[in-house]
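A.B. asks: The structure under discussion is supplied below as structure tokens; questions concerning it will follow.
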Ligand code: AMP
């Protein structure tokens, strides 16, 4: 295999992490600088570390967030800068808005917004207030929005007029805990008492808002992630996670104060929150925020015109850039770009090499997930890259490969290159602290003192980790985790559908594509008209990011004898792979419901 050797010539600045082995051997979490030290002994707040500390310090005049919009077609980019001082002032005013509404520590503040300034102001102001921030992806349809607002017991929602009308107004009656809806483009009393204007409330407040004296163990963030069964899991993160955001910003993203940094992830997902909002602000760098959607030419133009130095993106986006062709890339110059990282899905070796060709820089893949709150395994500037590998555990992170017995006993896989589940030893500060209202589900994620990630990996003889696949049926499409159960539920709500099973099938661009198999109720015919109707129904309910892209009608779905749909078998059949152990498959067309466990 060809390895990308690192040498001092590859670095345009001296990296924060130069000697990986030494840093790992001597690492102690207690030695990491306390980014909340200015709050007073024992206190910790992400909002303080991200904005107050910089707004009051030497970074006050520096641009914190650079909002970029426009440039569709031949148009020009429009730039709107917010300095650390301005962002701090807005965040403090929003803290006062929440206080004026009676929303305090522990209350849940949800956002359903595109990447606009108000999103960042809300997040930071609410964190300062000790409220728990739960961001929702604005492309979710009404159903995922309702499920998350309900299970997170939302008290305040900040959104836009259009998103409110399309996704929330209808379900508002089923959300008794939702006391306030603030509309960022709304008036004083938009829609009667149902909603209030965000800016009229902001205008009524000053920016003198002492920070809530939270500690490292107080809950700060709620991120929903998908499982195979049941409703989405609400992973709760604490303010102390900011230590992880700080150290990984140093080691895995190599942030330096003068950087112009661009994280392309939306803050509705954990990457966009941890590394699109928190880490860059904690490091006092300038963050580019693209308000628009993906367009290859526009992205190259942003990288070039904003002189981005550190870029954190995702495999689907990279594959779309590759697809757009070398000619387009050659029309731009990136002399300032010095570090590229990627996360969210497997980054194929060709993509790493493509980075070398187009930018003169390899792409540094790294691995983490909603539950870990921060980067765990990474290709850092400090060691050679084996293209296709996720890298090695960061200093302070203890990762191993395990095999789980039938009876639940865990065995460490010691030999190299043997497949097993990736497990992490708890102790890093951004570890999730529970699944909201689901303590049992949380406990089940741990065994023998290890957190089991649900990912299958191999570790090679040099300690590099290689992603193999998910250990469960969860689908990863365009970097987003999709729970098959949520999609199946929306489909079975359609009057024609008897049963639905949803799997991910490989797709060259998005990694996986959501495909549904459905059986129909008597009296409905499996024709093109119904297929289109079902696709539209799912899209309306779930939103484009989650809805299936393909639907196949079938006479029967494979079940276990206890009535569970065997998605694994459907997938094997779809891909022409061995069917594996089918001893539990119910041979009849329908499961024997008498044997369904209560
Ligand atoms: P999420 O919790 O939505 O951030 O998704 C986390 C999941 O994405 C992980 O459990 C992996 O299955 C997948 N993932 C994240 N990063 C990588 C990576 N670098 N390579 C392969 N899969 C990844």
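Residue numbers (UniProt numbering): 1 to 598. Beta carbons: idealized from backbone N, C-alpha and C, even for Gly. The structure presented is a predicted model; accordingly, all values stated were derived computationally and were not measured.
#1: Could you give the C-beta distance for residue 227 and residue 233, rounded to a whole number, given that I count them as a contact under 8 Å?
#2: Looking at C-alpha atoms only, which residue of 293, 299, 281, 338 is the closest neighbour of residue 309?
#3: Around the Cβ of residue 411, are there at least 16 other Cβ atoms within 10 angstroms (buried) or fewer (exposed)?
#4: I'd like to confirm something about residue 156: is its beta-carbon nearer than 7 Å to some heavy atom of the ligand AMP, or not?
#5: Quickly, what does DSSP pair residue 290 with across the bridge? List them, please.
#6: To the nearest angstrom, report how far apart residue 144 and residue 158 are at their CA atoms.
#7: For residue 530 and residue 549, I'd like the C-alpha separation in whole angstroms.
#8: Could you round the C-beta distance between residue 442 and residue 426 to whole angstroms and report it? I think they count as a contact, below 8 Å.
#9: With a 10 Å radius around its C-beta and 16 neighbouring C-beta atoms as the bar for buried, classify residue 229 as buried or exposed.
#10: Pull up the distance between the alpha-carbon of residue 406 and that of residue 510, whole angstroms please.
#11: Counting pairs of Cβ atoms below 8 Å between the region 105-112 and the region 133-143, do you hit three or more?
#12: At the level of alpha carbons, what is the spacing between residue 247 and residue 32?
#13: Are the CB atoms of residue 125 and residue 104 within a distance shorter than 8 Å?
#14: Would the C-beta of residue 476 count as close to the ligand AMP, meaning under 7 Å from any of its heavy atoms?
#15: Indicate, with yes or no, if the ligand AMP has a heavy atom lying under 7 Å from the CB of residue 347.
#16: Decide yes or no for the touch test of the region 262-275 against the region 520-528: beta carbon pairs closer than 8 Å, at least 3 of them.
#17: Which of helix, strand or coil does DSSP assign to residue 266?
#18: Mind checking who residue 363 pairs with in its DSSP beta bridge?
#19: Pull up the distance between the alpha-carbon of residue 495 and that of residue 340, whole angstroms please.
#20: Assuming contact is defined by CB atoms lying nearer than 8 Å, are residue 83 and residue 64 in contact in what I supplied?
#21: With DSSP as the reference, identify every bridge partner of residue 79, one or two as the case may be.
#22: If you count every other CB in all the chains shown that lies within 10 Å of the CB of residue 592, and 16 or more means buried, which is it?
#23: The ligand AMP and residue 343: does any heavy atom of the ligand fall closer than 7 Å to the residue's C-beta?
#24: Cα separation between residue 266 and residue 335?
#25: For the ligand AMP, I want to know if residue 128 counts as a neighbour, meaning its beta carbon is within less than 7 Å of at least one of the ligand's heavy atoms.
#26: When burial is assigned at 16 or more other CB atoms within 10 Å of the CB, is residue 306 buried or exposed?
#27: Can you list, in chain order, the residues of its chain with a C-beta nearer than 6 Å to that of residue 211? Leave out the 5 residues immediately preceding and following it.
#28: When the distance is taken between beta carbons, is residue 455 closer than 8 Å to residue 470?
#29: Classify residue 479: buried if its beta carbon has 16 or more other beta carbons within 10 angstroms, exposed otherwise.
#30: Express the C-alpha separation of residue 516 and residue 91 in angstroms, rounding to a whole number.
#31: Closest to residue 215 by C-alpha separation, out of 385, 34, 12, would be which residue?
#32: Please report the distance separating the alpha-carbon of residue 601 from that of residue 389.
#33: What separation, rounded to the nearest whole angstrom, lies between the Cα atoms of residue 424 and residue 555?
#34: Three or more C-beta pairs under 8 Å: does that hold for the region 480-488 against the region 456-468?
C.D. replies: If we stick to the structure as given:
#1: Yes, they are in contact, since the Cβ atoms of residue 227 and residue 233 sit about 5 Å apart, within 8 Å.
#2: Of 293, 299, 281, 338, the residue nearest in Cα terms is 338.
#3: Here residue 411 is exposed: its Cβ has fewer than 16 other Cβ atoms, across all protein chains shown, within 10 Å.
#4: No, the ligand AMP has no heavy atom inside 7 Å of this Cβ.
#5: Residue 290 is bridged by DSSP to 68.
#6: Put simply, the backbone Cα of residue 144 is about 16 Å away from that of residue 158.
#7: Taking the straight line joining both Cα atoms gives about 14 Å.
#8: In fact, because the Cβ distance is near 12 Å, the residues do not count as touching under 8 Å.
#9: Classification for residue 229: exposed.
#10: Roughly 34 Å between the two C-alpha positions.
#11: Touching, yes.
#12: Approximately 7 Å between the Cα atoms of the pair.
#13: No, these two residues do not count as a Cβ contact at 8 Å.
#14: Indeed, a heavy atom of the ligand AMP lies less than 7 Å from the Cβ.
#15: Under cutoff, so the answer is yes.
#16: Cβ pair count under 8 Å is below three, so no.
#17: Assignment of residue 266 by DSSP, reduced to helix, strand and coil, places it in the coil class.
#18: In DSSP, residue 363 forms a bridge with 340.
#19: So the two alpha carbons sit approximately 48 Å from each other.
#20: Taking 8 Å as the cut-off, the Cβ atoms of residue 83 and residue 64 count as close.
#21: DSSP links residue 79 through a beta bridge to 68.
#22: Note that residue 592 has pLDDT 38, beneath the 50 cutoff, so the model's placement of it is unreliable and the number below is only indicative. It is exposed - the Cβ of residue 592 has fewer than 16 other Cβ atoms within 10 Å.
#23: With a threshold of 7 Å, the Cβ atom of residue 343 counts as near the ligand AMP, since some heavy atom of the ligand is closer than that.
#24: Distance between the alpha carbons of residue 266 and residue 335: 26 Å.
#25: Because no heavy atom of the ligand AMP lies under 7 Å away, the Cβ of residue 128 does not count as near it: no.
#26: Under this definition residue 306 is a buried residue.
#27: Closer than 6 Å at Cβ, skipping near neighbours: 45, 48, 128.
#28: Cβ atoms of residue 470 and residue 455: closer than 8 Å.
#29: So residue 479 counts as buried.
#30: Going by the C-alpha atoms only, they are around 43 Å apart.
#31: Distance from the Cα of residue 215 is smallest, within the candidate group 385, 34, 12, for 34.
#32: Residue 601 lies beyond the residue range present for the chain, which begins at 1 and ends at 598; the question has no answer from this structure.
#33: Each residue's alpha carbon lies about 43 Å from the other.
#34: The region 480-488 makes no contact with the region 456-468; the number of CB pairs closer than 8 Å stays below 3.
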